[in-house]
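Comments concern the structure below.
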Amino acid sequence: MNAPARLLPAFILLLLTLAAPALALDGSAILAKVDRNLQPQSYEMYRKLINIEPDGTKKEFVLYSLKKGADKVVALFLSPASDKGRATLRLGDNMWLHIPNVGKPLRITSL
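Going by this note's numbering, the sequence shown wraps up at 131, each residue one higher than the last.
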């Protein structure tokens, strides 16, 4: 085997070793990617919320939620029948609750 052929694997290994730090992400970059995946700018989803009272009684709600951008969120209650049609709207720090029988949205405290 000639000398260049014997040195080629060592040269490739050296290049990979030197290039690895340039390709690696630091801790802040990894956390930023995780945050971006866990809290996307926009989404739509169905979710089930289970409320368990201290006395052990349970009430389950099914909601359809939609988020656009950082501060626009709407949630529509799909069940149970007693809450169907209720909706919440959040725009920034402002939040409203719509109850079908009331006829107008009620401003509520945003979390």
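Where a beta carbon is used, it is the ideal one built from N, C-alpha and C, also for glycine. Computed from a predicted structure; not experimentally measured.
Sequence-distant Cβ neighbours of Asp103 in its own chain, meaning closer than 6 angstroms and more than five residues away, are Phe97. The shortest CA-to-CA distance from Ala107 to any of Asp91, Trp116 and Pro100 is the one to Trp116. Beta-bridge annotation (DSSP): Ile119 is not paired with any residue.
Nearest to Gly89 by C-alpha distance, out of Lys124, Lys68, Gly112 and Asp46, is Gly112. Between Tyr84 and Tyr66, the C-beta gap is smaller than 8 angstroms, which places the two residues in contact.
If you check the CB distance, Ser99 and Val82 come in under 8 angstroms.
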